[in-house]
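Enquirer: Here you go, one structure.
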Amino acid sequence: MTCRVSAPTASLLTAVAVALGSPVPLRAEPVAVRVASSVEGVEVAALASVPKAPPEIGETALCARFIVAPKSPAGRRVTEAGWAVTGEARLGRFQAVSFAGRFTQGTSGSCEIGNGNVGIFEGQSLRAVAYARKGATRSIGRLVPFGDGLRLWDGGFLPQPLADLRLDAVGGGVSVVPLAPIEAICGGKGLVPNVYGQPITRAREWLRQAGWRPVTGPAPEDPRSREGDLVRMGVAEVESCSGTGFGFCAYGYAREGVALSVTTVGDGDDPSVSGYVVDCRS
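Those letters in the sequence shown? Residues 21 to 302, by the working numbering.
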C-alpha cells in the first residue's frame with residue numbers, strides 16, 4: 021500500500037478513524053511527505069490530527085512498565101488525546117511515537133497491547149499514522165531504534181518483531197518494510213541473523229554461520245531436567261530454564277569479545293527464540 025500525502029479522501033479518513041478507535045472526524049492538511057507499507061496487515065495513512073483515544077484503554081496501572089512518559093512535543097500531543105505512549109525515537113527529520121489504546125494484563129508480568137499505532141511527526145505536526153489493518157492477527161505494540169531505522173514490535177503477550185520503519189533513499193518519505201534479515205551490533209563487531217521465532221536448533225546453526233560460538237553452560241543438576249534434555253539434543257550452551265510461566269530458557273554465545281544471550285519460550289522439545297540481548301563490553 022502506498023499513500024501520497026496530499027488530500028486524503030473522506031472515506032480513507034473514516035476508515036482510519038475506525039481503526040484508531042476515534043469517534044471524531046479527522047482533518048487533513050496538504051503536506052509533502054510520501055508514506056507506504058509493504059508489510060501485510062500494516063497500513064499507513066496520511067493524517068494531520070491525532071484522533072481521540074478510546075474512552076477505556078484498560079489496565080494501564082498493571083501494564084505500567086510498557087508505557088513511557090513522553091519527552092517530545094509530539095509525544096505530549098499523543099497523551100493529550102488520551103493515548104498511552106509506548107515508545108519515541110527520531111527518524112531523520114521525523115519524530116516517531118508509538119501509542120496504544122488498550123492494555124490487558126497477562127500472566128508472569130506480561131501485557132497485551134491493542135489499538136497500537138505509530139505517529140510520524142514533523143515537530144508537533146502529525147503527517148501520517150501506521151496501524152494494524154482491521155482483522156489483522158497482530159497489532160503494533162512499540163517502536164525501538166534499530167540500525168539506521170526503527171523496529172516495530174507487536175503487542176502480543178510475548179512480543180515479537182513485526183516490521184521495520186525506514187526513510188526512503190529517494191524522496192525523503194517513510195516506509196514500513198519487512199524485517200531486516202540481519203542486525204549489525206556493537207559498531208560492526210558482529211552480525212546477528214533474524215532468529216526470532218526459529219527453533220533453537222536452527223537458530224544456533226544460523227548463529228554459528230554468522231561467527232558466533234556457543235558457550236557451554238553449567239552442567240545440569242538433574243539430568244532429567246529441561247536443561248538436561250537440551251544438552252542431550254546437542255544444545256550444550258543452555259544456561260538455565262524456568263519451570264513456570266512461559267517456560268523461558270537462556271543460552272550463551274560469544275565472538276571477538278562480544279557476548280550474546282538468547283532466550284527461547286515454550287516447553288516443546290525444540291523451543292523457539294523469543295529474544296536476544298547483546299553485551300558489547302564483554
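C-beta atoms are modelled at their ideal positions from N, C-alpha and C, and glycine is treated no differently.
Check the C-beta distance from V212 over to I202 and give it rounded, since I have them as a contact under 8 Å.
Expert: Right, their Cβ atoms sit about 7 Å apart.
Enquirer: Out of A81, V278 and F141, which has the shortest C-alpha to C-alpha gap to R113?
Expert: When each option's Cα is compared against that of R113, the closest is F141.
Enquirer: Straight-line CA distance for L46 to G254?
Expert: Residue confidence for L46 is low, a pLDDT of 41 falling below 50, so the modelled location carries little weight; the figure read from the coordinates is stated next. About 57 Å.
Enquirer: Over the uninterrupted beta strand (DSSP E) stretch that includes Q229, give me the two end residues.
Expert: Q229 -> not in any beta strand (DSSP E); alpha helix (DSSP H) instead, spanning I220 to Q229.
Enquirer: Can you list, in chain order, the residues of its chain with a C-beta nearer than 6 Å to that of S57? Leave out the 5 residues immediately preceding and following it.
Expert: The answer, listed in chain order, is M21, E63, V64 and V196.
Enquirer: Name the one or two DSSP bridge partners that R122 has.
Expert: G134, per the DSSP bridge assignment.
Enquirer: Check L250 in the structure and name its three-state DSSP category.
Expert: Looking at L250 - three-state DSSP - the assignment turns out to be helix.
Enquirer: Could you please give me the residues that DSSP links to A104 through a beta bridge?
Expert: Its beta-bridge partners are A120.
Enquirer: Start and end of the beta strand (DSSP E) containing S92?
Expert: Note, S92: premise wrong, no beta strand (DSSP E); not H, not E.
Enquirer: Give me, in chain order, the residues of the same chain whose beta-carbon lies closer than 8 Å to that of R301; leave out the 5 immediate sequence neighbours on both sides.
Expert: Cβ within range, chain order: n/a, list empty.
Enquirer: Could you tell me the alpha carbon to alpha carbon distance between A109 and W226, rounded to whole angstroms?
Expert: Cα-Cα distance, rounded: 30 Å.
Enquirer: What does the alpha-carbon distance come out to for the pair G208 and L172?
Expert: Straight-line Cα distance between these residues: approximately 22 Å.
Enquirer: Are R246 and Y273 closer than 8 Å when you measure CB to CB?
Expert: Their beta carbons are not under 8 Å apart, which means R246 does not touch Y273 by this criterion.
Enquirer: In the DSSP output, which residue or residues are listed as bridge partners for Y296?
Expert: The partner list for Y296 (beta bridge, DSSP) reads V282.
Enquirer: How many angstroms separate the CA atom of L185 from the CA atom of S260?
Expert: Computed Cα separation, rounded: 34 Å.
Enquirer: In terms of alpha-carbon separation, which member of R252, A239, G277 and P179 lies closest to T284?
Expert: It is P179.
Enquirer: Give me, in chain order, the residues of the same chain whose beta-carbon lies closer than 8 Å to that of A101; leave out the 5 immediate sequence neighbours on both sides.
Expert: V70, P71, K72 and A73, listed in sequence order.
Enquirer: Nearest by alpha-carbon distance to C2: which of K91, A68 and F177 is it?
Expert: In the structure as shown, the chain starts at 21 and stops at 302, and residue 2 therefore has no counterpart that could be examined.
Enquirer: Taking only the alpha-carbon atoms, compute the straight-line gap between G143 and A94 and give it to the nearest angstrom.
Expert: The straight-line gap from Cα to Cα measures roughly 7 Å.
Enquirer: Considering just the uninterrupted stretch of the beta strand (DSSP E) at D184, what are its terminal residues?
Expert: Note, D184: beta strand (DSSP E), P181 to L187.
Enquirer: Output the distance between the C-alpha atoms of D168 and G192, rounded to the nearest integer angstrom.
Expert: Straight-line Cα distance between these residues: approximately 14 Å.
Enquirer: In this structure, what does DSSP give as the bridge partners for S195?
Expert: In DSSP, S195 forms a bridge with A56 and R186.
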